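Below is one structure, written out as structure tokens; comments come after it.
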Amino acid sequence: MQAGNTIERYGWVTKTFHWTIALVILSMFPLGWVASTLAGWIEAPDISVTDDTIAWTKLLFSVHKTLGVTIFFLAILRILWAISQPKPGLLNGDNGPEAVLAETVHWLLYGSLIAVPLSGWVYHAATTGYAPIWWPFGQTLPFVPKDAQVAEISAALHFILQWVLAGAVTLHILGALKHHFIDGDATLRRMLPGRMDALPTAQQPGHALPIFAALVIWVGALGVGVWAGWLSLEGGAARGEALAAVQSDWTVQDGALNIAIVQSGAEVTGSFDDWTASIAYSETPDADGLHGAVTVTVAITSLTLGNVASQAMGPDYFAAEEWPTATFTADLVQAEDGLIADGTLRIRDQEVPVQMPVTLSIEGDTADAAGSLTIDRRDYNVGQGMTDEATVGFTVDIDWQLTATRASTE
8 MQAGNTIERY
18 GWVTKTFHWT
28 IALVILSMFP
38 LGWVASTLAG
48 WIEAPDISVT
58 DDTIAWTKLL
68 FSVHKTLGVT
78 IFFLAILRIL
88 WAISQPKPGL
98 LNGDNGPEAV
108 LAETVHWLLY
118 GSLIAVPLSG
128 WVYHAATTGY
138 APIWWPFGQT
148 LPFVPKDAQV
158 AEISAALHFI
168 LQWVLAGAVT
178 LHILGALKHH
188 FIDGDATLRR
198 MLPGRMDALP
208 TAQQPGHALP
218 IFAALVIWVG
228 ALGVGVWAGW
238 LSLEGGAARG
248 EALAAVQSDW
258 TVQDGALNIA
268 IVQSGAEVTG
278 SFDDWTASIA
288 YSETPDADGL
298 HGAVTVTVAI
308 TSLTLGNVAS
318 QAMGPDYFAA
328 EEWPTATFTA
338 DLVQAEDGLI
348 ADGTLRIRDQ
358 EVPVQMPVTL
368 SIEGDTADAA
378 GSLTIDRRDY
388 NVGQGMTDEA
398 TVGFTVDIDW
408 QLTATRASTE
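Numbering-wise, the numbering used here comes out as the position in the sequence shown, counting from 1, plus 7.
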């Protein structure tokens, strides 16, 4: 059997590409559905999951993502090969509407084989979380930052575009079955192993109308995907009532409060968008050696944490509905090694003594401060059901920085 195509038949290279990609795609849909269902259980705040559930979800998503990247590269090779080869003509090219539909579906298939895995790859590169791609270079993409907006929009695009692919695949299969069982022609047989010559009709559809139809569908799908991504972002922004302003000798002008955990061997980073700090600080200590005190209140529901933020709000973790805030209260004490925030950290219903080193620089009425702390989530009854550290790490790294200005004494 020859490798290349002729106007009457497909070569073995094209057939190998066709059936390899077809089998992988047909496995991707159930695989993605099962993995997404398990992920929904994990992210649901009212569903308790086990270490095994998380491990299986990670495995299935890694398989799904890796196969998706595989399809992406196979599709590129398939398209390059198709460009270099003559394409066997349609056996029903004289049936205008059906021929145009068949060509439109082919264009949608080619585009989907690139766009669907690429949108999923962009989402993976833009977010943080478990389930790595098993390709050695697959975790990042050039020009794709770790960014919540990019992640939400690419995730929505991936969801919408997969239905374009599913529709194109369905029409393609139905068309092949119609040709085989109703029309009785060799359209399906000439893509099967072995040699099958079939003379195309003299009349063939042009490319302009099918390409235009495919572009209209793509523009619509992309528009819906971007719109859905923005809606998701706006919905995520309204995650609880904002904390009220507090009285403070120093007013925070800018700052960040970040956390990092390890889930299934991968670091997941996040941040709290809503927190307040009431700060009293004097360069000269009082009679007890104290420079001041600080109280920080954090809105738990303002947490962004890769693709597991929803799960973190649940009763097994932060229990945000019952305990919507965490509080750090400390005295600011000068020690031999520098300034120490000596106090307690309350998360959920647990209050634990902590000591946190603080770096501080003051120029005039402006202060820059930063600090970090490592805690054990089990001390705060967070994730008690996750007993395997290989699934969810026990330690949580907290770091922060801020710029504050001294309140006027006038």
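Every residue, glycine too, gets a C-beta built ideally from N, C-alpha and C. On a predicted model such as this, the values are computed, not experimentally measured, just so you know.
Which residues in the same chain have their Cβ closer than 6 Å to the Cβ of residue i, if we skip the five residues on either side of it in sequence?
i, result
"residue 373", "412"
"residue 157", "133"
"residue 231", "167"
"residue 399", "270, 390 and 393"
"residue 397", "none"
"residue 210", "100 and 101"
Shortest alpha-carbon distance to residue i belongs to which of the options?
i, options, result
"residue 250", "321, 262, 281 and 268", "281"
"residue 195", "202, 187 and 201", "187"
"residue 100", "212, 225, 343 and 353", "212"
"residue 309", "114, 322 and 277", "277"
"residue 407", "375, 388 and 397", "375"
"residue 222", "209, 172, 118 and 404", "118"
"residue 79", "32, 206 and 341", "32"
"residue 135", "306, 397, 273 and 67", "273"
"residue 174", "69, 362, 36 and 150", "36"
"residue 73", "39, 55 and 93", "39"
"residue 112", "178, 380 and 298", "178"
"residue 403", "237, 346 and 312", "312"
"residue 48", "351, 323 and 142", "323"
"residue 90", "146, 11, 357 and 66", "11"
"residue 275", "368, 154, 224 and 220", "154"
"residue 225", "66, 171 and 387", "171"
"residue 326", "122, 142, 343 and 387", "387"
"residue 358", "56, 299 and 330", "330"
Cβ atoms of residue j and residue i: under 9 Å apart, would you say?
i, j, result
"residue 256", "residue 287", "yes"
"residue 260", "residue 410", "yes"
"residue 126", "residue 71", "no"
"residue 140", "residue 85", "no"
"residue 124", "residue 76", "yes"
"residue 320", "residue 58", "no"
"residue 302", "residue 285", "yes"
"residue 382", "residue 265", "no"
"residue 236", "residue 347", "no"
"residue 182", "residue 115", "no"
Since residue i is in the alpha helix (DSSP H), which residue starts that stretch and which ends it?
i, result
"residue 124", "103 to 133"
"residue 169", "155 to 184"
"residue 317", "316 to 319"
So the beta strand (DSSP E) residue i belongs to, where does it begin and stop?
i, result
"residue 279", "273 to 279"
"residue 408", "402 to 413"
"residue 420", "Because the chain here runs from 8 to 417, residue 420 falls outside it and cannot be looked at."
"residue 270", "257 to 270"
"residue 341", "332 to 342"
"residue 347", "345 to 354"
"residue 288", "282 to 288"
"residue 375", "373 to 383"
"residue 55", "From DSSP, residue 55 is part of no beta strand (DSSP E); its letter is neither H nor E."
"residue 253", "Looking at the DSSP string, residue 253 is not in any beta strand (DSSP E), and its letter there is neither H nor E."
"residue 329", "No beta strand (DSSP E) holds residue 329; DSSP gives it neither H nor E."
"residue 364", "357 to 370"
"residue 302", "297 to 306"
"residue 312", "310 to 312"
Using a Cβ-Cβ cutoff of less than 8 Å, which residues in the same chain neighbour residue i once the five nearest sequence positions on both sides are dropped?
i, result
"residue 252", "283"
"residue 385", "391 and 401"
"residue 214", "110"
"residue 68", "42, 46, 137 and 138"
"residue 62", "271 and 398"
"residue 365", "339, 345, 346, 347, 348, 376, 377 and 378"
"residue 60", "45, 48 and 49"
"residue 88", "20, 21 and 24"
Since residue i and residue j are thought to touch, with beta carbons under 8 Å apart, how far apart are those beta carbons, to the nearest angstrom?
i, j, result
"residue 217", "residue 105", "Actually they do not touch by this definition, with Cβ atoms about 12 Å apart."
"residue 98", "residue 204", "Between residue 204 and residue 98 the Cβ distance is about 11 Å, and since that is not below 8 Å, they are no contact."
"residue 334", "residue 355", "Contact doesn't hold; Cβ gap of about 11 Å is too wide."
"residue 306", "residue 332", "6 Å"
"residue 340", "residue 296", "7 Å"
"residue 120", "residue 82", "3 Å"
Excluding the 5 residues preceding and the 5 following residue i in the sequence, name in chain order all residues of the same chain whose CB lies nearer than 7 Å to its CB.
i, result
"residue 148", "128, 129 and 132"
"residue 198", "17, 22 and 25"
"residue 482", "Coverage of the chain is limited to positions 8 through 417, which leaves residue 482 absent and any answer about it impossible."
"residue 258", "411, 412 and 414"
"residue 30", "none"
"residue 228", "167, 168 and 171"
"residue 14", "93, 95, 96 and 207"
Is any heavy atom in the ligand SAH found nearer than 8 Å to the beta carbon of residue i?
i, result
"residue 285", "With respect to the ligand SAH, the structure shown offers nothing to examine, as it has no ligands at all."
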